[in-house]
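Novice:
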Amino acid sequence: MQTKMQLRSPRAASCARTLRSRTQPKVMCRAFNSMESPYAEELKKTAAYIAQKGKGILASDESNATTGKRLQSVGVDNTEDNRRDWRELLYTAPGLGQYISGAIMFEETLYQKARDGRQFVDILLAQGIYPGIKVDTGLQMLPGDKGETTTQGLDNLADRCKAYRKQGAKFAKWRAVVKIGEAGCPSTTAILENAHGLARYAQICQENGLVPIVEPEVTLGPGDYSIEETAFWSERVYSHVMRLLNEYGVVLEGILLKPNMCLPGLDAPVASPQDVARVTVRTMMRSIPPAVPGIHFLSGGMSEEEATLNLQALNDEAPNAPWALTFSYGRALQATTLKTWAGKESNWTAAQDILVKLAKANSEAAAGKFKGPHPVPGGGRILQALRTGGAGK
Amino acid sequence: MALIMKQSAGLKAVTAARSRKSVVVRAGKYDEELIKTANTIASKGRGILAMDESNATCGKRLDSIGVENTEENRRAYRELLCTTPGIGQYISGAILFEETLYQSTKDGRKFVDAMKEQNIVPGIKVDKGLVPLANTNGESWCMGLDGLDKRCAEYYKAGARFAKWRSVVSIPHGPSLIAHRDCAYGLARYAAIAQNAGLVPIVEPEVLLDGDHDIDRCLEVQEAIWAETFKYMADNKVMFEGILLKPAMVTPGADCPNRAGPAKVAEYTLKMLRRRVPPAVPGIMFLSGGQSELESTLNLNAMNQSPNPWHVSFSYARALQNTVLKTWQGKAENVPAAQAALLKRAKANSDAQLGKYDPATEGKEAAQGMYEKGYVY
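Heads up: the sequence lines are chains A and B, in that order. So that you can map any letter, position 59 of the first sequence is 59 in the numbering used here, and since no number is skipped, the others follow by simple counting. So that you can map any letter, position 308 of the second sequence is 1308 in the numbering used here, and since no number is skipped, the others follow by simple counting.
1. If we cut at 8 Å on Cβ distances, does F1097(B) have a partner in chain A?
2. Buried or exposed for S1167(B), going by 16 or more other Cβ atoms inside 10 Å?
3. Can you tell me which residues form a DSSP beta bridge with G1093(B)?
4. What is the residue span of the beta strand (DSSP E) that R1166(B) lies within?
5. Under 8 Å by Cβ, that's how I've got I227(A) and S303(A) pegged, so tell me the actual separation to the nearest angstrom.
6. Say whether chain B places a C-beta atom closer than 8 Å to the C-beta of S63(A).
7. Does P375(A) get closer than 8 Å to chain B when you measure Cβ to Cβ?
8. From K339(A), E148(A), W348(A), pick the residue whose C-alpha is nearest to that of A385(A); which is it?
9. Near C15(A), what residues of its chain come up, given a Cβ to Cβ distance below 7 Å and the 5 sequence neighbours on each side ignored?
10. Using a Cβ-Cβ distance under 8 Å, would F1314(B) count as near chain A?
11. Check whether the stretch 1089–1097 of chain B touches the stretch 1051–1062 of chain B, taking contact to mean three or more Cβ pairs, one atom from each stretch, closer than 8 Å.
12. Helix or strand or just coil, what does DSSP make of S21(A)?
13. According to the neighbour-count rule (16 or more other Cβ atoms, all chains shown, within 10 Å of its Cβ), is N156(A) buried or exposed?
14. Which residues, taken in chain order from the stretch 1238–1250 of chain B, show a beta carbon closer than 9 Å to some beta carbon of chain A?
15. If contact means a Cβ-Cβ distance below 7 Å, which residues of the stretch 248–277 of chain A contact chain B?
16. Taking 8 Å as the threshold (C-beta atoms), are W341(A) and L89(A) in contact?
17. Excluding the five sequence neighbours on either side, which residues of its own chain have a C-beta within less than 6 Å of the C-beta of A1317(B), listed in chain order?
18. Which runs of the alpha helix (DSSP H), 4 residues or longer, sit entirely within the stretch 194–279 of chain A?
19. Could you tell me whether the Cβ of K1125(B) comes closer than 8 Å to any Cβ of chain A?
20. Within the same chain, show all residues whose beta-carbon is closer than 6 Å to that of L1145(B), passing over the 5 residues directly before and after it, in chain order.
21. For M35(A), name the three-state secondary structure that DSSP assigns.
22. Cα separation between E1206(B) and G132(A)?
23. Does any CB atom of chain B fall closer than 8 Å to the CB of M302(A)?
24. Does the beta carbon of P1279(B) sit closer than 8 Å to a beta carbon anywhere in chain A?
25. If you drop the 5 nearest sequence neighbours on each side, which residues of the same chain put their C-beta closer than 8 Å to that of S1350(B)?
26. At which residues does the beta strand (DSSP E) containing I1225(B) begin and terminate?
27. Going along the chain, which residues of its own chain have a beta-carbon closer than 6 Å to the beta-carbon of G330(A), five neighbours each way excluded?
28. Ends of the beta strand (DSSP E) at E1098(B)?
29. What does V1312(B) pair with, by DSSP beta-bridge criteria?
30. E41(A) by DSSP, collapsed to three states: which one?
31. What would DSSP say about A13(A), mapped onto helix, strand or coil?
32. Listing by chain order, which chain B residues have their CB less than 7 Å from the CB of I288(A)?
33. Listed in chain order, which residues of the stretch 1211–1241 of chain B have Cβ atoms closer than 7 Å to some Cβ of chain C?
34. According to DSSP, is V177(A) helix, strand or coil?
35. Does DSSP put T151(A) in a helix, a strand or coil?
36. Determine whether the Cβ of E396(A) lies closer than 8 Å to any Cβ atom of chain B.
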């Protein structure tokens, strides 16, 4: 027997209203409506441009400290000039713009010039590559001894975004890292804290005219955890992230997502591209609404060949995906390029050549058209430790 | 017993994750069947006939054509609907009220069997209705979680393969945070329970047409309630490949002076769906909520002018039944004509699902509005 509920007319309700009801907060839906923001249309266009089919992002935003480690690995000193030379090599690679739609930079790089005096941002734009800027200021340890982290960078972010936009940046990036594969990881604290940082960062970027790349990285780490476990935690993390993006009124047509592919732990057997694709696509289908124009996977330690083959498999698995399934690769585009250069002028052209070949391979994979052979076959995983303690100088 | 095992499997999964043994992500016994059922209902050119009016509400319908509200009359009316020849071309599922699930045709066939013969999946309303929600501004919450697992198991045995639960959100009354959260919470818990019992849950947080708000305000509220609902469903480990949604379209309120035509309704509604609905969900079956038969069809047609990542279709009650009732008038000799009227409306909405609807084929009756202020279901 169902009890009937008569919805009272507003007049009757006002008479019966108690003090509690009168002070009832409305639903927390922001009035950040695409019709109000002056940047909304531009953000959507920028995001759509970067996410266009067959193109991806070159992630070259390593902090000075991390760049230093890379340079040192090929015997090059970590000086500002050497860092500048290295990025000049990347951005002036002829024809790179056919395959790359955006390049993420560290703050120092955004303001640097090539040897002939041209601003890096202008060189990139001339190639049809949109300049982007890393705006987080690094990882900090969370309390507890599980090695979990949060990401810093909200202080003064609005002002920084304004300045970066003035300098020519069109998009921004913030990397949040969630660790799995150890007892107690990820904790609820870590998930909520990282989701919150991403959502606030995204909101501030949009308000100040930059497309935010939202990067919730469920990181590839030690352990023999299965690909299903990665998928399980990835879904949990993305669910929180999406909820907070909604809560903060972030316009989804004006963001890009930079997630991890679903991979088993480092001590488990490497998964085939087909398994990676099946599980990763399933996770994205469950978590990411179609309004997001592009999903730019991070390479996160995959070898250069693995990163391309997995990306091709993703596009085989979901050729009609509502978002672009593409890349935002750092190590998977730079590792062999760097080794080829090794700081020597005489290797400049050869290094640029291999970079463009790698970009082309991944561009083809993003369009579902990579047939091989891979320019750098058979490489191993390219791992780096999590660096905490704030952005390096 | 199965339920206890399922719970401990779930508990094991969480404990295992914490202690680093292998993780069972989801041990759903019915997972494959749920996906199959959801995709059958969300098939091209087809939608749902909602005929789950409670006895009291059904009484209102019968009353409007001068027919007495008896069990036999309700039975006869529902028989008219589900034995319409050829209806299965356009209707993939029919939602029943509990009484109807156990009724039979005049010649002794169970309704669920008659429906299956027509290629229609039987569904069942499982909520126990709306009641006042404490400390809110005259808002309501939806009851039905108590004993829901057992009811669902019984309904599955009786032949139902999907379920439906209708919560409401009222813009003129708020919506308050309390009502908002309870709506999402109830739907998420119901969905998890239904899936565990083999029933595809239709998830329906109806943002009521009542009010003088504009279409932007409706969009805002709809985006908020769907964000909340998906979050709670994810937390409750609902499998999105095995659910169907039943949203209201994004429209201005019934008393808003600025009206919106099909193109605008489609633009706003698709924007809302694209922002809030993961592509894993196979089907979105819109409610008509007081729109006229014609409006409901035109709006659905406008939404299907280009491919969508999910099946975008209908789950209409009043917008399929209005003309049928008026044609029937409770008289046996009118049954063929009434069934023809149902077939016509079902085909119109099927065409709309395919984006091919032609309004030139309609009569005057179809344009009659069916909005009722403060409508009680």
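No residue lacks a Cβ here, since even glycine has one placed at the ideal position from N, Cα and C.
Specialist: Answer, in terms of the structure:
1. No Cβ of chain A is located within less than 8 Å of the beta carbon of F1097(B).
2. Buried is the call here.
3. Paired residue(s): I1048(B), V1121(B).
4. Where R1166(B) is concerned, the enclosing beta strand (DSSP E) stretches over 1162–1169.
5. Cβ-Cβ separation between I227(A) and S303(A): approximately 17 Å, too far for a contact (criterion under 8 Å).
6. At a cut-off of 8 Å, the C-beta of S63(A) has no neighbouring C-beta in chain B.
7. False, the Cβ-Cβ gap to chain B never drops below 8 Å.
8. The option with the nearest alpha carbon to A385(A) is E148(A).
9. Any reading at C15(A) needs caution, since the residue's pLDDT is 41, under 50, leaving its predicted position unreliable; the model's value is listed next. Taking C-beta separations shorter than 7 Å and ignoring five residues to either side along the sequence, C15(A) has no partners in its chain.
10. Contact of F1314(B) with chain A is not assigned, every C-beta pair being separated by 8 Å or more.
11. With a cut-off of 8 Å on Cβ pairs, the stretch 1089–1097 of chain B is in contact with the stretch 1051–1062 of chain B, counting three or more such pairs.
12. Only weak support exists for where S21(A) lies, its pLDDT of 43 falling under 50; the value from the coordinates is given anyway. Note: S21(A) maps to helix in three-state DSSP.
13. Exposed, since its Cβ has fewer than 16 Cβ neighbours within 10 Å.
14. Here the close residues are M1239, F1240, E1241.
15. Going along the stretch 248–277 of chain A in chain order, one finds L252 with a Cβ nearer than 7 Å to chain B.
16. Going by C-beta atoms, L89(A) is nearer than 8 Å to W341(A).
17. A1050.
18. The stretch 194–279 of chain A contains these whole alpha helix (DSSP H) runs: 227–247.
19. Interface residue (Cβ-Cβ distance to chain A less than 8 Å): K1125(B) is not classified as such.
20. The beta carbon of L1145(B) lies closer than 6 Å to those of R1189 in the same chain, with the five residues before and after it left out.
21. Note that M35(A) scores a pLDDT of 40, beneath 50, so its modelled location is shaky and nothing firm can be said.
22. E1206(B) and G132(A) have their C-alpha atoms roughly 41 Å apart.
23. For M302(A), the answer is no, since every Cβ of chain B falls outside 8 Å of its Cβ.
24. Residue-level contact check: P1279(B) touches chain A, since one or more beta carbons of chain A fall below 8 Å from its beta carbon.
25. Around S1350(B): G1045, R1046, G1047, Q1089, Y1090.
26. Careful: I1225(B) lies outside any beta strand (DSSP E), inside the alpha helix (DSSP H) at 1215–1235.
27. Cβ within range, chain order: A59.
28. Here E1098(B) belongs to no beta strand (DSSP E); instead the alpha helix (DSSP H) covers 1098–1101.
29. I1284(B).
30. Of the three classes helix, strand and coil, the one that applies to E41(A) here is helix, per DSSP.
31. Note that A13(A) scores 41 on pLDDT, short of 50, meaning its location in the model is unreliable; the coordinates nonetheless yield the value given after this. Of the three classes helix, strand and coil, the one that applies to A13(A) here is helix, per DSSP.
32. The CB of I288(A) comes closer than 7 Å to the CB of P1278 in chain B, given here in chain order.
33. The structure shown has no chain C; the protein chains it does contain are A and B.
34. Correct three-state label for V177(A): strand.
35. The answer is strand: DSSP assigns T151(A) an E or B state.
36. Any question about residue 396(A) goes unanswered here, given that chain A covers just 1 to 393.
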